[in-house]
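Down below is the structure, laid out as C-alpha cells.
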Amino acid sequence: MNHKLRFLFDIQELLQKWGLDPVQASTVHIAFGIVNILLLAWLADIITRRIIIVFISRAVARTKTIWDDILLEKKVFKRIAHLAPSMVLWYSVGHVLSQYPMIMTLTQKTLTIYMIVVTLMAINAFLKGVNAIYQTLPAAKGRSIKGYVQVAQIIFYSIAIISIVSILTDTPSGKLITGLGAAAAVLLLVFRDTILGLVAGIQLSANDMLRIGDWITMAKYGANGNVTDVTLITVKVRNFDKTITTIPTYAMVSDSFVNWRGTEEESTRRFTKYLNIDMKSVTFCTPSMIEHLNGIKPIREFIERHDKKSKKSETGAMLHEGELTNLTLFRKYIVGVLRNHSGLNLKQTMLVHQLQPTEKGLPLEVIAFVKGTDALSFEELQSDLFDHLLAVLPEFGLSIFQNPTGSYNIEPNTGNKEKKPEKSKDRFGKLL
121 MNHKLRFLFD
131 IQELLQKWGL
141 DPVQASTVHI
151 AFGIVNILLL
161 AWLADIITRR
171 IIIVFISRAV
181 ARTKTIWDDI
191 LLEKKVFKRI
201 AHLAPSMVLW
211 YSVGHVLSQY
221 PMIMTLTQKT
231 LTIYMIVVTL
241 MAINAFLKGV
251 NAIYQTLPAA
261 KGRSIKGYVQ
271 VAQIIFYSIA
281 IISIVSILTD
291 TPSGKLITGL
301 GAAAAVLLLV
311 FRDTILGLVA
321 GIQLSANDML
331 RIGDWITMAK
341 YGANGNVTDV
351 TLITVKVRNF
361 DKTITTIPTY
371 AMVSDSFVNW
381 RGTEEESTRR
391 FTKYLNIDMK
401 SVTFCTPSMI
411 EHLNGIKPIR
421 EFIERHDKKS
431 KKSETGAMLH
441 EGELTNLTLF
451 RKYIVGVLRN
461 HSGLNLKQTM
471 LVHQLQPTEK
481 GLPLEVIAFV
491 KGTDALSFEE
501 LQSDLFDHLL
511 AVLPEFGLSI
521 FQNPTGSYNI
531 EPNTGNKEKK
541 PEKSKDRFGK
551 LL
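Residues in the sequence shown are numbered from 121 upward in steps of one, following this note's numbering.
Here's what the structure looks like:
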C-alpha cells in the first residue's frame with residue numbers, strides 16, 4: 121500500500137514509544153487495523169450503494185431508452201457495487217495481517233472467492249437483462265434466445281468454478297483445464313441433455329421450426345397447446361386443458377411434431393370428415409326422385425348439364441332412369457352446401473369424393489377449410505354441417521352404415537303429392 125496511507129494501519133512503533141510492550145503493541149495494532157479496514161469497507165459500500173447507485177438510478181429514470189431501466193431492474197449495478205468493499209478489504213488485509221501470513225493468505229483467498237461469486241452474480245443478472253431487452257425488440261416475436269443465454273451462463277459458471285478450485289488448491293487454471301480433457305467422456309455423459317438441447321435449439325431457431333406462442337401437437341408426449349417457453353433443456357407447452365407438458369428440446373428435432381402456425385397465419389383451418397354410406401342403399405334415380413330433387417339449385421344445374429351432355433352424345437341418349445345414382449346427386453348436393461356456406465373459406469380447396477369401399481361401407485370424404493381458427497366455432501360448424509347432412513340423407517334414399525346393420529330398405533322421400541312442391545323443398549333447410 122502507499123506509504124502515505126501507512127499510518128492508518130501501522131501504529132505499532134507509535135504504541136511502543138508510548139510505553140507498551142511489543143506483544144501488546146502488536147495486538148492493539150492488529151485490532152486497530154481491522155477496525156480501520158472494516159470502516160473503509162463500510163465507507164466504500166456507502167459511497168457505491170447510497171451515492172453512486174442512487175445517482176445512476178436517477179440518471180436512468182431520465183433517459184428515454186428502456187435497456188438501462190431493465191438492467192437497473194435486474195440489479196446489475198447493485199451487484200457490481202458489492203465489489204467495492206471486498207476490493208478494499210483485499211488490498212488492506214495484507215498490511216494488517218502481514219505478521220500472520222497463513223491467516224492473511226486464507227483471508228485473501230476467501231475475499232477472492234467472494235469477488236468471483238459477486239462477479240458471477242452480476243454477469244448472470246446482465247445476461248438476464250440482455251434476454252429481457254431482446255424481448256422488447258420486434259425481431260423477438262416468437263423467437264427466444266433464452267437457450268443461448270443459458271449457454272453463456274453455463275460457460276461463466278464453469279469459468280467461475282475452475283477459478284475457485286484453482287484458488288483453493290493452488291493449482292494453475294491451465295492445468296485444471298488440461299485435466300478436464302481426460303474426463304471429457306464423463307462430462308459428455310453428464311451434460312448430454314444440455315449439449316443435445318444446445319444443438320437442437322440452434323436448429324429450431326435457424327430453421328424457424330418453433331416459436332413462442334405456436335400451437336403444436338406432439339402425440340408422443342401428449343402435448344396439444346401453445347408453446348410458452350423454450351429453454352436449453354426443455355420446451356414448455358400449455359395444453360388447452362390448462363395442463364403443462366414439458367418436452368426435451370432435442371426431442372423437437374429427433375421426433376416429429378405438428379406446428380399449426382400456418383393455420384393461424386392464414387386464419388383458416390381444414391377439417392376432414394367421413395360419411396360411411398351403406399352400399400345397399402345406393403340405387404339408380406327414378407323419375408320421381410329426380411323430380412323431387414330437381415328443386416334444389418345445385419342438383420338442378422347438374423341435371424341440366426347432364427341432360428345437355430346426353431343430347432350431344434353419339435348415341436343420342438337422353439336423361440332417363442338408370443343414368444344417375446342417388447349417391448351422385450347427394451355428392452353434388454354436398455358440394456352446393458359447401459359453396460354456399462358463409463362459414464367456409466371458398467378460396468381454399470373443397471373436395472367431396474369417395475374412398476375405397478371397406479367392410480364398413482363406402483366412405484364419402486368431405487374436405488373444406490373453416491374461416492378463422494377458433495376451436496369452438498370450428499367444432500360447431502362441423503357439427504351443424506354434418507347434422508344437416510345426416511338428416512337429409514333419407515331424402516336421397518341413402519343410409520349410413522352401422523354395425524350390426526339391418527336388412528331393411530330405405531325408400532327415397534319423394535314428397536307427398538297432396539302437398540305443394542314449395543313445402544317439399546323446405547326439408548333441405550336453409551344451407552342452400
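In this text, a Cβ means the ideal position worked out from N, Cα and C, and glycines have one as well. Model, not experiment: these values are computed from the prediction.
Between the CA atoms of residue j and residue i - distance to the nearest angstrom
i	j	result
Q273	S283	15 Å
I223	D349	49 Å
A437	G481	Unreliable positioning characterises A437 in this predicted model, as indicated by a pLDDT of 46, which lies under 50. The coordinate reading is nonetheless provided below. So the alpha carbons of these two residues sit roughly 32 Å apart.
I279	L296	11 Å
T291	L309	26 Å
D189	V180	6 Å
A343	W380	13 Å
G352	V237	Reading off the sequence, residue 352 comes out as Leu, not Gly. Rounded to whole angstroms, L352 to V237 spans 23 Å at the Cα level.
F506	M329	35 Å
D334	Q270	22 Å
K266	K195	19 Å
P368	G321	11 Å
N396	K452	17 Å
M399	E385	41 Å
L226	I281	18 Å
E441	V455	Residue placement at E441 is flagged as unreliable, the pLDDT there being 43, under the threshold of 50; a coordinate-derived value is accordingly withheld.
K491	K467	10 Å
T230	L158	16 Å
G401	S519	Reading off the sequence, residue 401 comes out as Ser, not Gly. Near 6 Å, if we compare the C-alpha coordinates of S519 and S401.
E411	L496	39 Å
F311	L324	20 Å
L318	F377	19 Å
L501	G463	7 Å
K340	F450	39 Å
I315	L257	28 Å
F489	R459	11 Å
G63	P221	Coverage of the chain is limited to positions 121 through 552, which leaves residue 63 absent and any answer about it impossible.
I243	R389	46 Å
M372	V155	59 Å
S448	V472	The amino acid at residue 448 is misidentified as Ser; the sequence shows Thr. Going by the C-alpha atoms only, they are around 11 Å apart.
R182	V250	21 Å
Per DSSP, cross-strand counterpart(s) of residue i
i	result
K356	D349 and T366
M338	A343
Y220	Looking at the DSSP assignment, Y220 forms no beta bridge with any residue, so it has no partner.
H473	E485
F404	T445
I520	I397
N379	I336
V490	R389 and L464
T478	G481
Where the alpha helix (DSSP H) through residue i begins and ends
i	result
R182	I173 to R182
P407	P407 to L413
S374	A371 to S374
A272	K266 to T289
F498	A495 to V512
V457	N446 to R459
Supposed close pair residue i, residue j - CB separation, criterion 8 Å
i	j	result
L191	F246	7 Å
T445	F404	6 Å
L209	A161	5 Å
T239	L203	7 Å
K198	R169	7 Å
S264	I332	6 Å
M241	S206	The pair is not a contact, with the Cβ atoms about 12 Å apart (cut-off 8 Å).
Unbroken beta strand (DSSP E) run spanning residue i, endpoints
i	result
N396	T388 to I397
K195	Per DSSP, K195 belongs to no beta strand (DSSP E) and is neither H nor E.
Cβ of residue i within 8 Å of any chain C Cβ
i	result
R358	Among the chains in the structure shown there is no chain C, since it carries only a single protein chain.
Are the region 496 to 514 and the region 403 to 422 touching by the rule of at least three beta carbon pairs closer than 8 Å?
no
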